[in-house]
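Participant:
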Amino acid sequence: MTSESFQPIKGMADLAPPAIYLWQRLEETTRDILARYAFDEVRTPVMERTAVFKRSLGDTTDVVQKEMYSFTDRGGRDLSLRPEGTAGVIRHVAGSGQAAQDARLYYIGPMFRSERPQAGRYRQFHQLGVESIGAPCPAADAEVIALQAHVLSAWGLKDFRMELNTRGLPEDRQRVADGLRAALEPDLDRLCEDCRRRYAQNPLRILDCKNAACRDIADRLPPVTEFMSAEARTYLKEVISLLERLEIPVTENPRLVRGLDYYVHTVWEITHAGLGSQDALSGGGRYALTFGNQTIEGVGFAMGLERIITALTGQGLDPGSLAKPPSVWLISQGAAAFDENLVLMQSLRLRGVSCAMDLRGRSMKAQMRAANRANSRYVVIRGDHEMEQGTFQLKNMADGVQEELDMPELMQRLTSGTDRVCPDTEEEE
RNA sequence: GUGGGUGUAGCUCAGUUGGUUAGAGCGUCAGGUUGUGGUCCUGAAAGUCGCGGGUUCAAGUCCCGUCACUCACCCCA
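Once you know that position 224 of the first sequence is 226 in our numbering, the rest is easy, because the numbers rise by one and skip nothing.
1) Contact defined as beta carbons within less than 8 Å: I believe leucine 262 pairs with glycine 60. What is the distance between those atoms, to the nearest angstrom?
2) So leucine 324 packs on leucine 24, CB below 8 Å; how close in whole Å?
3) Are the CB atoms of leucine 209 and alanine 220 within a distance shorter than 9 Å?
4) Classify serine 378: buried if its beta carbon has 16 or more other beta carbons within 10 angstroms, exposed otherwise.
5) Just curious, the beta strand (DSSP E) that methionine 113 is in, first and last residue?
6) For histidine 267 and asparagine 374, what's the separation of their Cα atoms in angstroms?
7) Taking 8 Å as the threshold, find out whether the region 352–369 comes into contact with the region 322–339 through three or more Cβ pairs.
8) Let me know if arginine 118 comes out buried or exposed under the rule of 16 or more other beta-carbons within 10 Å of its beta-carbon.
9) For phenylalanine 162, which option in Asp408, Ala337, Ala275, Pro19 has the closest C-alpha, if you only look at C-alpha atoms?
10) Cysteine 216 by DSSP, collapsed to three states: which one?
11) Let me make sure I understand the geometry here. Which of Pro85, Leu17, Trp157, Gly77 has the alpha-carbon closest to that of leucine 459?
12) Please report how far the alpha carbon of glycine 302 lies from the alpha carbon of valine 146, in whole angstroms.
13) With a threshold of 8 Å on Cβ separation, who are the neighbours of alanine 215 within its own chain once the five nearest residues in sequence on each side are excluded?
14) Count the other CB atoms within 10 Å of the CB of proline 188; is the residue buried (16 or more) or exposed (fewer)?
15) Whose C-alpha, out of Asp34, Val48, Gly90, is nearest the C-alpha of isoleucine 298?
16) Measure the C-alpha to C-alpha separation of lysine 68 and glutamine 176 and round it to an integer number of angstroms.
17) Do three or more CB pairs link the region 9–16 to the region 78–93 at distances below 8 Å?
18) To which residues does DSSP link glutamate 406 through a beta bridge?
19) Who pairs with leucine 83 in a beta bridge, going by DSSP?
20) Specify, as a first and last residue, the run of the beta strand (DSSP E) that aspartate 25 falls within.
21) Less than 8 Å between C-beta atoms, sequence neighbours within five positions excluded: which residues of the same chain meet that for glutamate 50?
22) Using a 10 Å radius around the Cβ and a threshold of 16 neighbouring Cβ atoms, would you call threonine 417 buried or exposed?
23) So for methionine 14, helix, strand or coil by DSSP?
24) With 16 other CB atoms within 10 Å as the buried threshold, where does histidine 387 fall?
25) Mind checking who methionine 359 pairs with in its DSSP beta bridge?
26) Near leucine 346, which residues of its chain fall below 7 Å by C-beta distance, leaving aside the five closest residues on each side in sequence?
27) If distances are taken between C-alpha atoms only, which option among Met164, Glu228, Thr168, Phe229 comes closest to isoleucine 250?
28) In terms of residue numbering, what span does the beta strand (DSSP E) encompassing leucine 291 cover?
29) Just how far apart, CA to CA, sit leucine 2 and aspartate 34?
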């Protein structure tokens with residue numbers, strides 16, 4: 003590394019070619035699929051009043067307590083960069099009146115958490131989130147989960163695993179915590195240090211401890227649904243049977259835990275092997291959030307796009323293969339040809355042909371190399387001979403075949419359908 | 001916040017028990033073809049060996065500190 007000052011700050015990255023081609027592809031596919039499910043995009047600010055997050059995520063959550071970028075602005079307002087997307091969307095919906103309470107919305111954008119970075123974890127990261135608001139019934143949960151599976155396979159992702167559980171109703175929580183504590187008490191001194199702390203604070207978290215001894219103990223616990231109301235159990239069963247009918251493969255995992263406070267009923271997670279320790283691609287669930295005198299009920303998920311990118315490239319997808327090279331590279335010899343080519347280039351672009359040329363007046367060989375490196379499909383050569391004759395050499399870079407054409411012929415060839423590069427069918431090798 | 005690993009050319013890395021002008025491959029640029037890319041050949045540019053201090057006749061190599069990157073824990077996408 004040269005000077006550290008050229009680097010973005012810790013945990014944040016420039017999204018640049020070639021990786022950016024994959025980001026663009028993901029976003030295009032996403033918008034297409036979400037439109038099919040009749041979801042609309044919403045773009046909320048990346049900053050909110052800190053209270054928005056405290057109220058919706060729970061002000062005892064780690065995300066709120068120690069991971070937010072919070073500050074006081076010049077007006078004395080307590081603001082934070084958003085650590086997740088749901089709170090802002092719900093704030094928006096709550097403020098938009100009755101009609102918007104049936105909102106079906108999605109967002110794509112950066113989120114910020116002040117954590118120590120590691121594989122799959124960044125301080126600025128990007129999420130695709132979907133919120134289906136105002137239909138408090140299992141069909142809404144199943145629809146969103148089906149949508150999520152659809153998006154993942156449309157991106158070309160393989161070998162992901164969906165696991166489902168229920169958080170129960172708010173009034174179930176105390177019973178679950180008490181029930182787990184009672185069941186764990188005999189083994190309390192065999193739990194790891196973290197889990198002994200969790201026993202007091204949040205016994206649910208013991209279920210997904212990575213420590214082997216804790217896992218053994220957790221394996222023998224009754225499923226959390228045992229401590230829940232019949233309503234919670236029925237809701238979960240209905241979601242699962244709907245997913246079976248939609249042929250969405252999910253696994254029920256009674257040990258699955260989701261951290262944010264706002265979840266009720268269904269919670270789920272999608273993981274992918276080969277992401278390292280942070281193997282969750284996505285997490286979702288049903289929630290009830292109170293803003294002012296309104297309670298907004300919804301179901302949704304957030305996907306970590308950096309992790310998706312890691313999984314896709316790990317599958318062998320080369321982001322560079324998604325680049326959109328220029329169809330034509332213009333090559334000039336001499337100042338007059340250079341000047342004419344600038345005009346021709348603009349004219350081609352106005353007619354829909356992507357093209358480029360070397361602007362530094364380098365040697366023909368250097369220009370050819372540049373055209374080749376840019377992966378241009380064609381090269382148009384213009385030198386003294388062509389300037390005299392009023393012609394152009396059109397060279398096909400794939401087979402090396404070169405033809406001499408006049409202006410009408412050239413335009414015809416380059417603007418007709420067959421000779422234009424289709425961005426989605428690149429050559430492979 | 002806690003712990004481990006790593007910092008040598010644009011990239012990937014080599015550098016022997018400390019020993020003269022720090023190397024390779026890829027990439028870049030140029031030439032071999034004064035009008036032609038992708039292959040081949042030749043050459044060139046490019047490194048304050050992360051930074052600071054220390055030990056030593058001598059430090060890329062050893063010691064200390066520091067910064068950065070990285071992996072893991074807590075927690076989470």
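For glycine and all other residues, C-beta sits at the position ideal for the given N, C-alpha and C.
Note that this is a predicted model, so its numbers are computed, not measured.
Facilitator: Walking through what the data contain:
1) In the first sequence, counting from the first residue as 1, residue 262 sits at position 260. In the first sequence, counting from the first residue as 1, residue 60 sits at position 58. Going by Cβ atoms, the distance from leucine 262 to glycine 60 rounds to 7 Å, so yes, they are a contact pair.
2) Here the question's residue 324 lines up with position 322 in the first sequence. Here the question's residue 24 lines up with position 22 in the first sequence. Indeed, because the Cβ distance is near 6 Å, the residues count as touching under 8 Å.
3) Here residue 220 refers to the residue found at position 218 when the first sequence is read from its first residue. Here residue 209 refers to the residue found at position 207 when the first sequence is read from its first residue. Yes, the Cβ-Cβ distance between alanine 220 and leucine 209 is below 9 Å.
4) Position 376 of the first sequence, counting from 1, holds the residue named residue 378. By the neighbour-count rule (16 or more Cβ atoms within 10 Å), serine 378 is buried.
5) Here residue 113 is taken as the residue at index 111 of the first sequence, counted from 1. Counting along the chain, the beta strand (DSSP E) containing methionine 113 begins and ends at 106–114.
6) Here residue 267 refers to the residue found at position 265 of the first sequence. Here residue 374 refers to the residue found at position 372 of the first sequence. C-alpha separation (whole angstroms): 57 Å.
7) By the Cβ criterion, the region 352–369 is in contact with the region 322–339, since at least three pairs of Cβ atoms, one from each stretch, lie closer than 8 Å.
8) The sequence position of residue 118 within the first sequence is 116, counting from 1. Classification for arginine 118: exposed.
9) To locate residue 162, count along the first sequence from 1; it is residue 160. Answer by Cα proximity: Ala275.
10) Against the first sequence, residue 216 aligns to sequence position 214. Three-state result, cysteine 216: helix.
11) Because the chain here runs from 3 to 431, residue 459 falls outside it and cannot be looked at.
12) Within the first sequence, the letter at position 300 stands for residue 302. Within the first sequence, the letter at position 144 stands for residue 146. If I take the Cα positions, the gap works out to 7 Å.
13) Position 213 of the first sequence, counted from the start, is the residue given in the question as residue 215. Cβ neighbours of alanine 215 beyond the five flanking positions: Arg192, Leu193, Cys194.
14) Against the first sequence, residue 188 aligns to sequence position 186. Proline 188 should be labelled exposed.
15) Residue numbering aside, residue 298 sits at position 296 when the first sequence is read from its first letter. The candidate whose alpha carbon is nearest that of isoleucine 298 is Gly90.
16) To locate residue 68, count along the first sequence from 1; it is residue 66. To locate residue 176, count along the first sequence from 1; it is residue 174. The C-alpha of lysine 68 lies about 25 Å from the C-alpha of glutamine 176.
17) no
18) Reading the first sequence from its first residue, position 404 is the one you call residue 406. Partner(s): Gln395.
19) Along the first sequence, read from residue 1 onward, the residue named residue 83 stands at position 81. Among the bridge pairs identified by DSSP, leucine 83 is matched with Met49.
20) On the first sequence, residue 25 is found 23 positions in, with the first residue counted as 1. The question names aspartate, yet the displayed sequence has tryptophan at residue 25. Following the DSSP letters along the chain, one finds tryptophan 25 in no beta strand (DSSP E) but inside the alpha helix (DSSP H) bounded by residues 21–38.
21) Locating residue 50 in the first sequence gives position 48, where the first residue counts as 1. Closer than 8 Å at Cβ, skipping near neighbours: Leu81, Ser82, Arg84, Ala89, Gly90, Arg93.
22) In the first sequence, residue 417 corresponds to position 415, counting from 1. Residue environment for threonine 417: exposed (fewer than 16 other C-beta atoms within 10 angstroms of its C-beta).
23) Along the first sequence, read from residue 1 onward, the residue named residue 14 stands at position 12. If DSSP states are grouped into helix, strand and coil, methionine 14 belongs with coil.
24) Position 385 of the first sequence, counted from the first residue, corresponds to residue 387. Looking at its Cβ environment, which holds fewer than 16 other Cβ atoms inside 10 Å, histidine 387 is exposed.
25) The residue you call residue 359 lines up with position 357 of the first sequence. Paired residue(s): Leu332.
26) Taking the first sequence and counting its residues from 1, one reaches residue 346 at position 344. So the list reads Leu332, once near-sequence residues are dropped.
27) Position 248 of the first sequence, counted from the first residue, corresponds to residue 250. Here the closest residue by C-alpha is Met164.
28) One-based indexing of the first sequence puts residue 291 at position 289. Taken as a continuous stretch (DSSP letters only), the beta strand (DSSP E) holding leucine 291 covers 282–293.
29) Residue 2 is absent from the model: the chain starts at 3 and stops at 431.
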